[in-house]
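The numbering of the first sequence is full-length UniProt numbering, which starts it at 1 and goes up by one.
The C-beta atom is built at its ideal place from N, Cα and C for all residues, glycine as well.
Bear in mind the structure is a predicted one, so any value in this text is a computation, not a measurement.
Reading through the structure tokens given below for one structure.
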Amino acid sequence: MPGLGTPFNSFILPYPIRVDAFTSVPNDAPYQPKLYLLTHTHSDHITGLQAKSFAQTVVCSADAKSMLLRHQAYGERALSSAGVRAEPQKTYAHLKKDPWVGPNKEICYEGTRDLLQPLRLNERTRFELDASEEGEVWITAFDANHCPGSVMYLVEGTEGAVLHTGDFRAEPWFLESLKHNPFLQPYLASNSPNESGYEFGNGVLKTLEAIYLDTACVMQTHQVPTKENATTGLISLLALYPPTTKFFINAWTWGYEDILKAIVRHFGCHIHLDSYKFDVFRRLKNDPFLSNLGTRDENATRFHSCERFERCSQVAPDDEEVVYVNPVSSMTPQMWEVYLEETKNKILVDPRKVKSLLVPLSRHSPLSELQAFVSLFRPKRVIPNALEPPLKEIDWAAIDKVFEQCLCTSTSSSKSKLPATPQPSKQLIKQVYRDEKEKRELRERKREEQRRAMQKLTGKQNPLRQEESENEDDEEEEDVAIKNIVTGSASVGDGNPSSGAGQGQRKGTKAREKEEKRFAKKWVVRTGEDVEVSGHRASASENGSKSKKGRMERRIGILVDWLGLRKKEGSSSPCRSGQFGNVQSEPGPGPRTAQVTTPTLQSGRMRQIAYDEDDIPLPCNWRSRCTEPSTPEANRRDVDERDYEWLSGGRTRRENQREGPSSSTTKTVTRSPVSPAGPLKPKPSTSTYTSHQQHPILIPSPNLPHKSAFSSKYPMPMRSSTPLLESQSSQLSNDYDSCDDDEERGRTAHFLFAQNRDEDFYGFEDDSGAIESPGHSAKSTPRRVRDGGGVSSTTSSHKISKGRTHAERTHPLDRRLTPNSSPVTRRHDLPLPSDLPPSFPPSMSASPRHRHDTTTSWQTR
DNA sequence: GCGATCAGTT
DNA sequence: CACAACTGATCGC
Numbered sequence: 001m002p003g004l005g006t007p008f009n010s011f012i013l014p015y016p017i018r019v020d021a022f023t024s025v026p027n028d029a030p031y032q033p034k035l036y037l038l039t040h041t042h043s044d045h046i047t048g049l050q051a052k053s054f055a056q057t058v059v060c061s062a063d064a065k066s067m068l069l070r071h072q073a074y075g076e077r078a079l080s081s082a083g084v085r086a087e088p089q090k091t092y093a094h095l096k097k098d099p100w101v102g103p104n105k106e107i108c109y110e111g112t113r114d115l116l117q118p119l120r121l122n123e124r125t126r127f128e129l130d131a132s133e134e135g136e137v138w139i140t141a142f143d144a145n146h147c148p149g150s151v152m153y154l155v156e157g158t159e160g161a162v163l164h165t166g167d168f169r170a171e172p173w174f175l176e177s178l179k180h181n182p183f184l185q186p187y188l189a190s191n192s193p194n195e196s197g198y199e200f201g202n203g204v205l206k207t208l209e210a211i212y213l214d215t216a217c218v219m220q221t222h223q224v225p226t227k228e229n230a231t232t233g234l235i236s237l238l239a240l241y242p243p244t245t246k247f248f249i250n251a252w253t254w255g256y257e258d259i260l261k262a263i264v265r266h267f268g269c270h271i272h273l274d275s276y277k278f279d280v281f282r283r284l285k286n287d288p289f290l291s292n293l294g295t296r297d298e299n300a301t302r303f304h305s306c307e308r309f310e311r312c313s314q315v316a317p318d319d320e321e322v323v324y325v326n327p328v329s330s331m332t333p334q335m336w337e338v339y340l341e342e343t344k345n346k347i348l349v350d351p352r353k354v355k356s357l358l359v360p361l362s363r364h365s366p367l368s369e370l371q372a373f374v375s376l377f378r379p380k381r382v383i384p385n386a387l388e389p390p391l392k393e394i395d396w397a398a399i400d401k402v403f404e405q406c407l408c409t410s411t412s413s414s415k416s417k418l419p420a421t422p423q424p425s426k427q428l429i430k431q432v433y434r435d436e437k438e439k440r441e442l443r444e445r446k447r448e449e450q451r452r453a454m455q456k457l458t459g460k461q462n463p464l465r466q467e468e469s470e471n472e473d474d475e476e477e478e479d480v481a482i483k484n485i486v487t488g489s490a491s492v493g494d495g496n497p498s499s500g501a502g503q504g505q506r507k508g509t510k511a512r513e514k515e516e517k518r519f520a521k522k523w524v525v526r527t528g529e530d531v532e533v534s535g536h537r538a539s540a541s542e543n544g545s546k547s548k549k550g551r552m553e554r555r556i557g558i559l560v561d562w563l564g565l566r567k568k569e570g571s572s573s574p575c576r577s578g579q580f581g582n583v584q585s586e587p588g589p590g591p592r593t594a595q596v597t598t599p600t601l602q603s604g605r606m607r608q609i610a611y612d613e614d615d616i617p618l619p620c621n622w623r624s625r626c627t628e629p630s631t632p633e634a635n636r637r638d639v640d641e642r643d644y645e646w647l648s649g650g651r652t653r654r655e656n657q658r659e660g661p662s663s664s665t666t667k668t669v670t671r672s673p674v675s676p677a678g679p680l681k682p683k684p685s686t687s688t689y690t691s692h693q694q695h696p697i698l699i700p701s702p703n704l705p706h707k708s709a710f711s712s713k714y715p716m717p718m719r720s721s722t723p724l725l726e727s728q729s730s731q732l733s734n735d736y737d738s739c740d741d742d743e744e745r746g747r748t749a750h751f752l753f754a755q756n757r758d759e760d761f762y763g764f765e766d767d768s769g770a771i772e773s774p775g776h777s778a779k780s781t782p783r784r785v786r787d788g789g790g791v792s793s794t795t796s797s798h799k800i801s802k803g804r805t806h807a808e809r810t811h812p813l814d815r816r817l818t819p820n821s822s823p824v825t826r827r828h829d830l831p832l833p834s835d836l837p838p839s840f841p842p843s844m845s846a847s848p849r850h851r852h853d854t855t856t857s858w859q860t861r
């Protein structure tokens, strides 16, 4: 998740470029962003863009632009479809304001803007970060296999090249395609293992300064099915139903489109979509298959992916004939096969009894895929795109370790320009662990109290509500998708192995969904569980997840392993001997797995390759574990206790509770066989890591590297307001600037506007991007640079007329520089334009972020 | 004081 | 992990 928890404040050092985070940067930050990149439009990647005061250029894919500008929150979609809204309220509409064109062709540019700068895929585009020649970067976008419009970015410049993956799924086919991509080939690791690009010194082969990596699922130490495996498996189930069966595909967020595509390919039909999805898909430029597979006619197909909570009459919630398809993300390939087998058998017995299907379509790469991906390039550094704030950057250090073997091997030249990864002290790790444990216990106590209170109430007065209160233990869910499962209100028990079959009693939709969630939980792996308490998972979830470690605690367990800090040699421990395909419980760390798996995983049948056969639970074994009603409590306690011993300094939990925090631990750090990182080596003196704990905890504050860490190329503070290059103009093409071509106002304006323009850039019929208010042009952009670290604020020659007093304010974050009136509101009062604006493309003006950028108006020339 | 906006939480 | 509704704080008027 970008934003909070992302290293370097979401900058891709060594460049002053910020990715997927659009909130304001602290004034004292060493950088102010000169350019923003957006990888895709999931909501956690667009924080800050909703602010009306955001006024800087954002580079993204054409499809991301289109999706963002069409984005509507659910509530708004409902109002729109109910006909309440005269004009649909688009969440990010303020990012693009077209000029207003009057009846006499007069044009008002007041408030016009088009902040989203679309980039073609697989095409280098030049951007200038500052006036100097060395301030240029070349940016190339590649499909990221995550969701529609999602891209990775390669940024190349005088400071070296970095690759930002955004969110991505690096499955084997994806790696293959990268290998064949000429824009990336210079950065692929040399074939000869001991050589690296710098050794050759001729500049043909290059080493990436860093890969900014999607670490959303880095702690998934098991493999997950390829998307293709997932969808073909699903199709094999769908095909078993009678040809009249109606299906609802719960694509509750962007990224599950492969399911729809697979259905269309197999059944040769359309998918019924709500108008929102239909419209978004239809506008996609880079996915013609997806853009055409939808239909608005609910009677035209038996496959539906319409609005989740407002399904069409064909798949109404109370229709017991409908079969639901719910994506989940963390099933292992082995479990998937078992699931398929079991479910197939059930359907064959009676298709009417299986009303809900799971499909393990993961949109992020698990550890093994990430290692394979990184090994492909062997960059100097791996920087995680997402850290868990409660882990206080311990995860950062651990991730470093787990990719250590995937990095550039050349020692002479691999010196990183980036700030060093903060190394946590043992004390910090222990503290974090204790905190998380305490938090969890508090939660549990609270929940217990609540439950009792509820029982008292409902048990006596309202017995009907009892079952509802029963499983409020949905919190701490590992797989978000499970929270989003939908079903109809068909009889509980039908086709649901977890419930007693045959009761035939109809419950509400809610109840059935809860039932379905319980069922689904059995089929997904919770991160860290295979390391910590694997094998007990299924029974534990059946028991309502009591006295179990919390999500964070399990993660800390993994981190401790990765850092090579596990106190006991855990190899023989039952908890690490291969549950659910525990990939790196092998002695060899990442690259071994990576290299073995990379070329051979094409089919998606990973199990034979990635780990020893011994480690693979046989399907039947797994199944029996899963259904076993109880597991030896002692065993689990053992694991729990052992971890705690280390973390609490070799004392038992009870001892520790009595005596308070431990003050020292053993110095001996032995390598756990689980550790992928190898034995802990003595660190150079610059590192604060030791096995003692008296040392200060090294946490770079506040998430920002020390000055010295930055290259001299971009001295701090970054406050130049030099406009970025006129640049992109010629690079951009007409049809890639896609949006809102159906808006009459915009189109007319654009048409008029385009006449005097550089045809290369403006001569297309689509409107967006073409309309450039003078306020955006390099020459006339009034801009004001935000105060930076005590340096006086500067202004360019023009002042921003309105909101200027705002701008003068010394609010620590100047994000409240909001325009106080809608930019286009007073259009009728404005004079006629005598002519069109100068032919200057949208500039990459490095104006301050929350400036009121909607000045101006009328073009005179 | 009220409405709009925004950050943070659930 | 993603979404979106809700909360409280802050600001302009």
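Chain-order list of residues whose beta-carbon lies under 7 Å from that of Phe403 (same chain, five-residue window excluded): In the first sequence, residue 403 corresponds to position 403, counting from 1. Result list for Phe403: Gln371, Val374, Val382 and Gly590, in chain order.
N- and C-terminal bounds of the alpha helix (DSSP H) containing His266: For the purposes of this step, residue 266 is identified with residue 266 of the first sequence, where counting begins at 1. That run of the alpha helix (DSSP H) goes Glu257 to Phe267.
Find out if the Cβ-Cβ distance for the pair Ile259, Thr221 is shorter than 7 Å. Taking the first sequence and counting its residues from 1, one reaches residue 259 at position 259. Taking the first sequence and counting its residues from 1, one reaches residue 221 at position 221. No. Outside cutoff.
Run the CB neighbour count on Leu129, radius 10 Å, all protein chains shown included, and call it buried at 16 or more, exposed below. Taking the first sequence and counting its residues from 1, one reaches residue 129 at position 129. With at least 16 other beta carbons inside 10 angstroms of its own, Leu129 counts as buried.
Beta-carbon proximity check, Met331 vs Glu436, cutoff 7 Å: Taking the first sequence and counting its residues from 1, the one referred to as residue 331 is at position 331. Taking the first sequence and counting its residues from 1, the one referred to as residue 436 is at position 436. No; because the gap between Cβ atoms is not below 7 Å, this pair is not in contact.
Determine the direct distance from the alpha carbon of Arg445 to that of Pro148, and round the result to whole angstroms. Here residue 148 refers to the residue found at position 148 when the first sequence is read from its first residue. Here residue 445 refers to the residue found at position 445 when the first sequence is read from its first residue. Rounded to whole angstroms, Pro148 and Arg445 show a C-alpha spacing of 43 Å.
Let me check one thing: in DSSP terms, what residues is Cys217 bridge-paired to? As a position in the first sequence, residue 217 is number 217, starting the count at 1. None, per the DSSP bridge assignment.
Can you tell me which of the three DSSP states Cys406 falls into? The sequence position of residue 406 within the first sequence is 406, counting from 1. Of the three classes helix, strand and coil, the one that applies to Cys406 here is helix, per DSSP.
To which residues of the same chain is Glu307 closer than 6 Å at the C-beta, ignoring the five residues directly before and after it? In the first sequence, counting from the first residue as 1, residue 307 sits at position 307. By the criterion of a C-beta distance shorter than 6 Å, Glu307 is surrounded in its chain by Asp274, once the five residues flanking it on both sides are discounted.
Which residue's Cα is closest to the Cα of Pro186: Leu175, Phe377, Pro333 and Leu205? Along the first sequence, one-based indexing puts residue 186 at 186. Selection Leu175, Phe377, Pro333 and Leu205 evaluated against Pro186 yields Leu205 as nearest (Cα-Cα).
Using 10 angstroms around the beta-carbon of Ser132, count the other beta-carbons present and answer buried if the total reaches 16, otherwise exposed. Taking the first residue of the first sequence as 1, we reach residue 132 at position 132. The residue in question, Ser132, is exposed, as its Cβ has fewer than 16 Cβ neighbours within 10 Å.
Are the CB atoms of Thr245 and Val323 within a distance shorter than 7 Å? Position 323 of the first sequence, counting from 1, holds the residue named residue 323. Position 245 of the first sequence, counting from 1, holds the residue named residue 245. Yes, these two residues count as a Cβ contact at 7 Å.
Taking Ala511 as the reference, which of Arg443, Ser489 and Thr295 has the closest Cα? Within the first sequence, residue 511 is the residue found at index 511, counting from 1. If we check each option's Cα against that of Ala511, Ser489 comes out closest.
Cβ neighbour criterion (16 or more within 10 Å) applied to residue 904: The structure shown does not extend to residue 904, since the chain is modelled only from 1 to 861, so the question has no answer here.
Cα-Cα, which of His266, Lys97 and Arg126 is closest to Thr112? Numbered from 1 along the first sequence, position 112 holds the residue referred to as residue 112. Measuring C-alpha to C-alpha distances from Thr112 to each of His266, Lys97 and Arg126 identifies Lys97 as the nearest.
Nearest-angstrom Cα distance between Lys549 and Pro7? What you label residue 549 is simply residue 549 of the first sequence in a count that begins at 1. What you label residue 7 is simply residue 7 of the first sequence in a count that begins at 1. CA-to-CA, the gap between Lys549 and Pro7 works out to about 27 Å.
Check for me: the alpha helix (DSSP H) holding Gly157 runs from which residue to which? By 1-based counting over the first sequence, the position of residue 157 is 157. Premise fails: Gly157 lies in the beta strand (DSSP E), Val151 to Gly157, not in any alpha helix (DSSP H).
Using 8 Å as the cut-off, can you tell me whether the stretch 174-189 makes contact with the stretch 105-120, which would need three or more C-beta pairs spanning the two stretches below that distance? As far as the Cβ criterion goes, the stretch 174-189 does not touch the stretch 105-120, which means the pair count is below three.
Could you tell me if His45 is buried or exposed, where buried requires 16 or more neighbouring beta carbons within 10 angstroms of its beta carbon? Here residue 45 corresponds to residue number 45 of the first sequence, with the count starting at 1. His45 comes out buried.
Continuous alpha helix (DSSP H) stretch holding Ile249: start and end: Along the first sequence, read from residue 1 onward, the residue named residue 249 stands at position 249. No alpha helix (DSSP H) contains Ile249, which is instead part of the beta strand (DSSP E) from Phe247 to Ile249.
Return the first residue and the last residue of the alpha helix (DSSP H) that Glu341 is part of. Walking along the first sequence from the start, residue 341 turns up at place 341. According to the DSSP assignment, Glu341 belongs to the alpha helix (DSSP H) that extends over Pro333 to Val349.
Ser329: which of Pro360, Gln314 and Ser305 sits nearest, CA to CA? By 1-based counting over the first sequence, the position of residue 329 is 329. Nearest to Ser329 by C-alpha distance, out of Pro360, Gln314 and Ser305, is Pro360.
Extent of the continuous alpha helix (DSSP H) run through Val560: Locating residue 560 in the first sequence gives position 560, counting from the first residue. Unbroken alpha helix (DSSP H) run through Val560: Arg551 to Trp562.
What is the C-beta distance between Val280 and Arg77, in whole angstroms, given that I count them as a contact (C-beta under 8 Å)? Your numbering for residue 280 matches position 280 in the first sequence. Your numbering for residue 77 matches position 77 in the first sequence. Rounded, the Cβ-Cβ distance is 11 Å, inconsistent with contact.
CB-CB under 8 Å to Gly5, same chain, minus the five flanking residues each way: which ones, in chain order? Counting from one through the first sequence, the residue named residue 5 turns up at place 5. A distance below 8 Å between beta-carbons, with the five flanking residues on each side excluded, links Gly5 to the following residues of its chain, in chain order: Ala386, Leu387, Glu388 and Pro389.
Run the CB neighbour count on Pro243, radius 10 Å, all protein chains shown included, and call it buried at 16 or more, exposed below. Your numbering for residue 243 matches position 243 in the first sequence. With fewer than 16 Cβ atoms within 10 Å of its Cβ, Pro243 is classed as exposed.
Taking Cβ positions, are Val58 and Tyr36 nearer each other than 7 Å? As a working mapping, residue 58 is identified with position 58 in the first sequence. As a working mapping, residue 36 is identified with position 36 in the first sequence. Yes. Within cutoff.
Just the Cα atoms here: how many angstroms apart are Phe247 and Asn145? Here residue 247 is taken as the residue at index 247 of the first sequence, counted from 1. Here residue 145 is taken as the residue at index 145 of the first sequence, counted from 1. Phe247 and Asn145: Cα-Cα distance of roughly 25 Å.
DSSP three-state call for Arg302: helix, strand or coil? Within the first sequence, residue 302 is the residue found at index 302, counting from 1. It is coil, neither helix nor strand.
Should the stretch 509-525 be called in touch with the stretch 477-486, which here means at least 3 C-beta pairs below 8 Å? Yes: at least three Cβ pairs fall under 8 Å.
Just the C-alpha distance for Ile347 and Leu240, rounded to the nearest angstrom, thanks. Taking the first residue of the first sequence as 1, we reach residue 347 at position 347. Taking the first residue of the first sequence as 1, we reach residue 240 at position 240. A straight line joining the alpha-carbon of Ile347 with that of Leu240 spans about 7 Å.
Segments of 4+ residues assigned as alpha helix (DSSP H) that fall wholly inside the stretch 87-124: Counting only runs of 4 or more, we get nothing.
Does the Cβ of Gln450 have 16 or more other Cβ atoms within 10 Å, making it buried, or fewer, making it exposed? Taking the first sequence and counting its residues from 1, the one referred to as residue 450 is at position 450. It counts as exposed.
Going by C-alpha distance, which of Phe142, Pro99, Trp100 and Gly135 is nearest Arg119? Taking the first sequence and counting its residues from 1, one reaches residue 119 at position 119. Strictly speaking, residue 119 in this sequence is Leu, with Arg absent from that position. Residue Phe142 is the option with its Cα nearest to Leu119.
Please state whether DSSP places Thr231 in a helix, a strand or coil. The residue given as residue 231 occupies position 231 in the first sequence. The answer is helix: DSSP assigns Thr231 an H, G or I state.
Once DSSP output is grouped into helix, strand and coil, what is the label at residue 901? Outside the displayed range of the chain (1 to 861) lies residue 901, so it cannot be described from this structure.
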